[in-house]
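Peer 1: Following the numbering used here, the numbering of the sequence shown begins with 2 at its first residue and continues without gaps.
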Amino acid sequence: MAVNFSESMTKENLMRAFAGESQARNRYTIAAERAEKEGMLTIAEIFRYTADQERAHAERFYDLLKDLSGETIHIDGSYPVDQQDSLTGLLRAAEHNEHEEFADVYQTFGKTAKEEGFSEAASAFFQIAEIEHIHEQRFGKIAEMLESGSWYQPQTASKWMCTNCGYIHEGNQAPPVCPVCRHDQGYFIPYQMACYKID
Ligand SMILES: [Fe+2]
Ligand SMILES: [Fe+2]
2 MAVNFSESMT
12 KENLMRAFAG
22 ESQARNRYTI
32 AAERAEKEGM
42 LTIAEIFRYT
52 ADQERAHAER
62 FYDLLKDLSG
72 ETIHIDGSYP
82 VDQQDSLTGL
92 LRAAEHNEHE
102 EFADVYQTFG
112 KTAKEEGFSE
122 AASAFFQIAE
132 IEHIHEQRFG
142 KIAEMLESGS
152 WYQPQTASKW
162 MCTNCGYIHE
172 GNQAPPVCPV
182 CRHDQGYFIP
192 YQMACYKID
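(1) Flag ILE47 as yes when its Cβ comes closer than 7 Å to any non-hydrogen atom of ligand 1, and as no otherwise.
(2) Could you name the residues, in chain order, whose CB is less than 5 Å away from a heavy atom belonging to ligand 1?
(3) Start and end of the alpha helix (DSSP H) containing MET146?
(4) Starting from HIS97 and walking both ways along the alpha helix (DSSP H), at which residues does that stretch end?
(5) Do GLU171 and SER9 have their C-beta atoms within less than 8 Å of each other?
(6) Can you tell me the Cα-Cα spacing of HIS58 and ARG26, whole angstroms?
(7) Going by Cα to Cα distance, which pick from GLY71, PRO155, THR73, ASP64 is closest to ASN173?
(8) Helix, strand or coil for SER79? Go by DSSP, reduced to three states.
(9) Please state the DSSP three-state secondary structure of ILE44.
(10) Could you give the C-beta distance for TYR197 and THR43, rounded to a whole number, given that I count them as a contact under 8 Å?
(11) Hey, GLU34 and THR89: beta-carbon distance below 8 Å or not?
(12) According to DSSP, is ASP105 part of a helix, a strand, or is it coil?
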């Protein structure tokens with residue numbers, strides 16, 4: 002049934018999504034600082050990369066509220082306090098929150114938008130839910146690799162890329178220091194997770 006936008010649930014859900022994405026962006030930026038302090042520089046970069054995508058999601062939802070510019074939208078909502086002591090704890094918390102968005106929150110918001118007749122908002126919720134699924138899987142994979150020790154030392158021979166200079170190392174473990182640019186191990190990323198690789 003078509004509903005007036007200013008009286009819709011969808012306008013509130015868009016604001017909830019804007020608030021949620023904005024908070025995710027900040028949580029990941031803070032987690033990146035934490036990763037950096039531990040010398041895990043590529044994991045810091047992955048948190049920042051994801052934070053930028055959350056900003057893009059926030060922008061999309063905010064844009065869909067444009068017709069209500071100048072108004073204030075009151076919402077209630079539940080938002081996580083994720084201040085785990087360990088990096089794997091932060092990654093697991095991020096994985097969990099991404100899963101909630103993908104499997105529950107944005108599916109519900111998308112369904113409501115569709116029922117209220119806002120197809121563009123419905124598409125945004127459903128499309129962004131799929132992206133959150135990728136975020137969930139990536140955070141989960143990194144947590145698993147850190148927990149098992151396979152980020153730097155897998156069971157089989159592997160490849161890493163130094164994200165500072167691009168040097169590719171092949172072997173049983175990542176080198177403690179890059180032999181080319183002398184940057185620390187924290188700059189090495191398992192090759193399968195490196196950006197812009199061509200094989
Ligand atoms: Fe997002
Ligand atoms: Fe996300």
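Glycine is no exception: its CB is placed at the ideal position from the N, C-alpha and C atoms. In this text, all values refer to a predicted model and were calculated from it rather than measured experimentally.
Peer 2: Per the coordinate set shown:
(1) no
(2) GLU22, GLU55, HIS58
(3) 120-149
(4) 88-101
(5) no
(6) 10 Å
(7) PRO155
(8) coil
(9) helix
(10) No, TYR197 and THR43 are not in contact; Cβ-Cβ is about 14 Å, not under 8 Å.
(11) no
(12) helix
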